[in-house]
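Quick note on numbering: this note's numbering labels position 171 of the sequence shown as 594, and the sequence is numbered without any gaps.
The next block holds one structure in the form of C-alpha coordinates; read it before the comments.
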Amino acid sequence: MRTLLLAICPYAIGIIAVLELVIFILLIRRFRESGRKVALFMGLISLGLFLDAAVIVLGRLIGEGALLLFLSRIRYVAHGVLIPLMLIIIPYALEAGGIWKKLTWLLTILLMLLGCAEGFANVLEYSETAGVLRCVSSDATPAWASAVSGILSFGTVIPVIIFGIVIWIRQKDPNIFLAGFLMFLFAGLGPVGGNMDLIFFISMFGELAMVFFYYRYTRRYVSNKKE
424 MRTLLLAICP
434 YAIGIIAVLE
444 LVIFILLIRR
454 FRESGRKVAL
464 FMGLISLGLF
474 LDAAVIVLGR
484 LIGEGALLLF
494 LSRIRYVAHG
504 VLIPLMLIII
514 PYALEAGGIW
524 KKLTWLLTIL
534 LMLLGCAEGF
544 ANVLEYSETA
554 GVLRCVSSDA
564 TPAWASAVSG
574 ILSFGTVIPV
584 IIFGIVIWIR
594 QKDPNIFLAG
604 FLMFLFAGLG
614 PVGGNMDLIF
624 FISMFGELAM
634 VFFYYRYTRR
644 YVSNKKE
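Printed below as a string of C-alpha coordinates:
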(Lines of atoms letter the chains of each structure in order from A and count residues from 1; the text may use other names and numbers.)
(Lines give C-alpha, C1' and ligand atoms only; values in the text may rest on other atoms or scores of the structure.)
Protein backbone atom coordinates (compact mmCIF):
# COMPACT_ATOMS: atom_id res chain seq x y z
CA MET A 1 0.00 0.00 0.00
CA ARG A 2 2.79 2.42 0.85
CA THR A 3 4.42 1.84 -2.53
CA LEU A 4 1.14 2.68 -4.24
CA LEU A 5 0.65 5.83 -2.15
CA LEU A 6 4.15 7.04 -2.97
CA ALA A 7 3.60 6.44 -6.68
CA ILE A 8 0.26 8.24 -6.99
CA CYS A 9 0.77 11.03 -4.45
CA PRO A 10 1.31 14.13 -6.64
CA TYR A 11 -1.24 13.02 -9.25
CA ALA A 12 -3.90 12.08 -6.69
CA ILE A 13 -3.50 15.42 -4.90
CA GLY A 14 -4.07 17.20 -8.20
CA ILE A 15 -7.26 15.21 -8.79
CA ILE A 16 -8.43 15.89 -5.24
CA ALA A 17 -7.84 19.62 -5.72
CA VAL A 18 -9.96 19.65 -8.89
CA LEU A 19 -12.77 17.71 -7.22
CA GLU A 20 -12.77 20.03 -4.20
CA LEU A 21 -13.03 23.01 -6.53
CA VAL A 22 -15.97 21.40 -8.32
CA ILE A 23 -17.71 20.69 -5.01
CA PHE A 24 -17.08 24.30 -3.93
CA ILE A 25 -18.81 25.55 -7.09
CA LEU A 26 -21.71 23.15 -6.60
CA LEU A 27 -22.16 24.19 -2.98
CA ILE A 28 -22.14 27.89 -3.87
CA ARG A 29 -24.70 27.15 -6.56
CA ARG A 30 -26.79 25.32 -3.97
CA PHE A 31 -26.54 28.35 -1.68
CA ARG A 32 -27.72 30.67 -4.44
CA GLU A 33 -30.62 28.35 -5.28
CA SER A 34 -31.80 27.74 -1.75
CA GLY A 35 -30.61 30.74 0.25
CA ARG A 36 -29.42 28.38 2.98
CA LYS A 37 -26.28 29.64 4.73
CA VAL A 38 -25.28 26.11 5.67
CA ALA A 39 -24.44 25.48 1.99
CA LEU A 40 -22.34 28.65 1.92
CA PHE A 41 -20.32 27.60 4.97
CA MET A 42 -19.78 24.13 3.52
CA GLY A 43 -18.67 25.71 0.26
CA LEU A 44 -16.13 27.92 2.02
CA ILE A 45 -14.69 24.88 3.78
CA SER A 46 -14.32 23.15 0.41
CA LEU A 47 -12.61 26.27 -0.93
CA GLY A 48 -10.11 26.19 1.92
CA LEU A 49 -9.33 22.54 1.27
CA PHE A 50 -8.93 23.24 -2.46
CA LEU A 51 -6.42 26.01 -1.73
CA ASP A 52 -4.52 23.65 0.53
CA ALA A 53 -4.28 20.92 -2.11
CA ALA A 54 -3.61 23.33 -4.98
CA VAL A 55 -0.63 24.98 -3.27
CA ILE A 56 0.84 21.57 -2.47
CA VAL A 57 0.48 20.51 -6.11
CA LEU A 58 2.11 23.74 -7.30
CA GLY A 59 5.10 23.28 -4.99
CA ARG A 60 6.98 21.07 -7.41
CA LEU A 61 6.32 23.44 -10.32
CA ILE A 62 7.25 26.59 -8.40
CA GLY A 63 10.24 25.21 -6.52
CA GLU A 64 11.80 26.65 -3.39
CA GLY A 65 11.63 30.39 -3.08
CA ALA A 66 9.63 33.41 -1.97
CA LEU A 67 6.56 32.57 -4.10
CA LEU A 68 6.11 29.12 -2.56
CA LEU A 69 6.57 30.56 0.93
CA PHE A 70 3.98 33.26 0.18
CA LEU A 71 1.42 30.80 -1.20
CA SER A 72 2.06 28.42 1.69
CA ARG A 73 1.42 31.23 4.15
CA ILE A 74 -1.91 31.89 2.43
CA ARG A 75 -2.62 28.15 2.62
CA TYR A 76 -2.07 28.06 6.37
CA VAL A 77 -4.05 31.23 7.04
CA ALA A 78 -6.97 30.11 4.85
CA HIS A 79 -7.03 26.74 6.59
CA GLY A 80 -7.02 28.39 10.00
CA VAL A 81 -9.81 30.81 9.11
CA LEU A 82 -12.15 28.51 7.16
CA ILE A 83 -11.96 25.14 8.94
CA PRO A 84 -13.67 26.46 12.14
CA LEU A 85 -16.80 26.94 10.01
CA MET A 86 -17.35 23.22 10.57
CA LEU A 87 -18.72 24.17 13.99
CA ILE A 88 -21.28 26.73 12.84
CA ILE A 89 -22.65 24.24 10.33
CA ILE A 90 -24.14 22.28 13.22
CA PRO A 91 -26.80 24.73 14.49
CA TYR A 92 -27.70 25.73 10.94
CA ALA A 93 -28.17 22.11 9.92
CA LEU A 94 -30.29 21.51 13.04
CA GLU A 95 -32.16 24.77 12.40
CA ALA A 96 -31.40 25.76 15.97
CA GLY A 97 -31.48 29.36 17.10
CA GLY A 98 -31.28 31.35 20.29
CA ILE A 99 -28.39 31.29 22.68
CA TRP A 100 -26.92 28.05 21.28
CA LYS A 101 -26.41 29.52 17.82
CA LYS A 102 -24.97 32.72 19.31
CA LEU A 103 -22.52 30.80 21.50
CA THR A 104 -21.50 28.62 18.57
CA TRP A 105 -20.86 31.74 16.50
CA LEU A 106 -18.72 33.19 19.28
CA LEU A 107 -16.69 29.99 19.51
CA THR A 108 -16.37 29.80 15.73
CA ILE A 109 -15.17 33.40 15.45
CA LEU A 110 -12.70 32.86 18.30
CA LEU A 111 -11.26 29.80 16.55
CA MET A 112 -11.12 31.67 13.25
CA LEU A 113 -9.09 34.45 14.89
CA LEU A 114 -6.81 31.92 16.56
CA GLY A 115 -6.50 30.03 13.27
CA CYS A 116 -5.54 33.20 11.45
CA ALA A 117 -2.94 34.03 14.10
CA GLU A 118 -1.64 30.47 13.95
CA GLY A 119 -1.31 30.69 10.18
CA PHE A 120 0.90 33.76 10.46
CA ALA A 121 2.85 32.44 13.47
CA ASN A 122 3.94 29.19 11.84
CA VAL A 123 7.64 29.11 11.04
CA LEU A 124 7.79 27.35 7.68
CA GLU A 125 10.42 25.08 6.24
CA TYR A 126 10.64 23.04 3.04
CA SER A 127 9.76 19.36 3.02
CA GLU A 128 9.84 16.90 0.12
CA THR A 129 7.89 13.66 0.27
CA ALA A 130 6.67 11.31 -2.47
CA GLY A 131 7.56 13.77 -5.23
CA VAL A 132 5.75 16.63 -3.48
CA LEU A 133 7.51 19.81 -2.37
CA ARG A 134 5.68 21.79 0.29
CA CYS A 135 6.23 24.14 3.19
CA VAL A 136 5.48 22.69 6.62
CA SER A 137 5.49 23.95 10.17
CA SER A 138 8.97 23.65 11.66
CA ASP A 139 10.11 22.94 15.22
CA ALA A 140 10.66 26.68 15.62
CA THR A 141 6.89 27.27 15.49
CA PRO A 142 5.56 28.54 18.85
CA ALA A 143 3.95 25.90 21.04
CA TRP A 144 0.66 27.78 21.20
CA ALA A 145 0.42 27.77 17.40
CA SER A 146 0.96 24.00 17.30
CA ALA A 147 -1.75 23.62 19.97
CA VAL A 148 -4.19 25.68 17.92
CA SER A 149 -3.40 23.54 14.87
CA GLY A 150 -4.29 20.42 16.86
CA ILE A 151 -7.55 21.97 18.02
CA LEU A 152 -8.48 22.87 14.47
CA SER A 153 -7.70 19.34 13.29
CA PHE A 154 -9.63 17.38 15.89
CA GLY A 155 -11.59 19.86 18.00
CA THR A 156 -13.75 20.77 15.02
CA VAL A 157 -14.36 17.33 13.53
CA ILE A 158 -15.41 15.55 16.75
CA PRO A 159 -18.47 17.81 17.28
CA VAL A 160 -19.44 17.17 13.65
CA ILE A 161 -19.44 13.43 14.34
CA ILE A 162 -21.41 13.75 17.57
CA PHE A 163 -24.04 16.13 16.25
CA GLY A 164 -24.01 14.29 12.94
CA ILE A 165 -25.57 11.40 14.86
CA VAL A 166 -28.21 13.77 16.25
CA ILE A 167 -28.96 15.04 12.74
CA TRP A 168 -29.10 11.45 11.50
CA ILE A 169 -31.69 10.57 14.14
CA ARG A 170 -33.78 13.71 13.72
CA GLN A 171 -33.65 14.09 9.95
CA LYS A 172 -33.02 10.47 8.92
CA ASP A 173 -29.92 11.69 7.10
CA PRO A 174 -26.44 10.23 7.77
CA ASN A 175 -24.47 12.63 5.55
CA ILE A 176 -23.21 15.04 8.21
CA PHE A 177 -22.13 12.10 10.37
CA LEU A 178 -20.38 10.45 7.44
CA ALA A 179 -18.62 13.72 6.61
CA GLY A 180 -17.13 13.97 10.09
CA PHE A 181 -16.48 10.27 10.57
CA LEU A 182 -14.59 9.79 7.30
CA MET A 183 -12.56 12.94 7.93
CA PHE A 184 -11.57 11.54 11.33
CA LEU A 185 -10.95 8.04 9.97
CA PHE A 186 -8.54 9.08 7.21
CA ALA A 187 -6.73 11.44 9.57
CA GLY A 188 -5.93 8.44 11.74
CA LEU A 189 -4.97 6.00 8.99
CA GLY A 190 -1.52 7.50 8.53
CA PRO A 191 -0.29 6.93 12.09
CA VAL A 192 -2.04 3.56 12.37
CA GLY A 193 -0.48 2.33 9.11
CA GLY A 194 2.97 3.57 10.01
CA ASN A 195 2.90 6.28 7.37
CA MET A 196 3.44 9.35 9.50
CA ASP A 197 5.19 11.14 6.64
CA LEU A 198 2.12 10.65 4.43
CA ILE A 199 -0.51 11.91 6.88
CA PHE A 200 -0.91 15.10 4.84
CA PHE A 201 -1.76 13.00 1.76
CA ILE A 202 -3.90 10.28 3.30
CA SER A 203 -5.98 12.81 5.23
CA MET A 204 -6.86 14.54 1.94
CA PHE A 205 -9.06 11.59 1.00
CA GLY A 206 -10.99 12.20 4.21
CA GLU A 207 -11.27 15.90 3.43
CA LEU A 208 -12.64 15.13 -0.03
CA ALA A 209 -15.11 12.64 1.44
CA MET A 210 -16.21 15.24 3.98
CA VAL A 211 -17.12 17.93 1.45
CA PHE A 212 -18.70 15.31 -0.82
CA PHE A 213 -21.09 14.26 1.93
CA TYR A 214 -21.66 17.90 2.80
CA TYR A 215 -22.86 18.39 -0.76
CA ARG A 216 -25.04 15.30 -0.54
CA TYR A 217 -26.64 16.81 2.55
CA THR A 218 -27.44 20.10 0.80
CA ARG A 219 -28.66 18.34 -2.32
CA ARG A 220 -31.17 16.27 -0.41
CA TYR A 221 -32.37 18.61 2.29
CA VAL A 222 -31.80 22.32 1.82
CA SER A 223 -32.78 22.94 -1.79
CA ASN A 224 -35.47 25.58 -2.15
CA LYS A 225 -35.65 26.20 1.60
CA LYS A 226 -35.03 29.62 3.06
CA GLU A 227 -33.59 30.38 6.47
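Backbone N, C-alpha and C fix where the C-beta goes; we use that ideal spot for every residue, glycine too.
Query	Result
Which stretch, first to last residue, makes up the beta strand (DSSP E) that contains arginine 656?	Missing from the structure shown is residue 656; the chain here goes from 424 to 650 and no further.
Considering only C-alpha positions, which residue in the set Cys432, Tyr549, Phe464, Leu429 is nearest to isoleucine 446?	Phe464
Hey, is arginine 643's beta-carbon within less than 8 Å of any beta-carbon in chain D?	Chain labels in this structure do not include chain D; a single protein chain is all it has.
Once DSSP output is grouped into helix, strand and coil, what is the label at threonine 552?	strand
Should proline 614 be labelled buried (16 or more other beta-carbon atoms within 10 Å of its own) or exposed?	exposed
Helix, strand or coil, according to DSSP, for leucine 474 in the structure here?	helix
The alpha helix (DSSP H) spanning leucine 651 covers which residue range?	There is no way to answer for residue 651, as the model of the chain reaches only from 424 to 650.
What residue from Lys595, Ala566, Ser626 has the CA that sits closest to phenylalanine 577's CA?	Ser626
Give the DSSP-derived three-state secondary structure of serine 561 in the structure shown.	coil
When you compare the CB positions of leucine 511 and threonine 579, do they come within less than 8 Å of one another, or not?	Sequence check: residue 511 is isoleucine here, not leucine. In this structure, threonine 579 does not lie closer than 8 Å to isoleucine 511 by Cβ.
Which residues in the same chain have their Cβ closer than 6 Å to the Cβ of leucine 444, if we skip the five residues on either side of it in sequence?	Phe473
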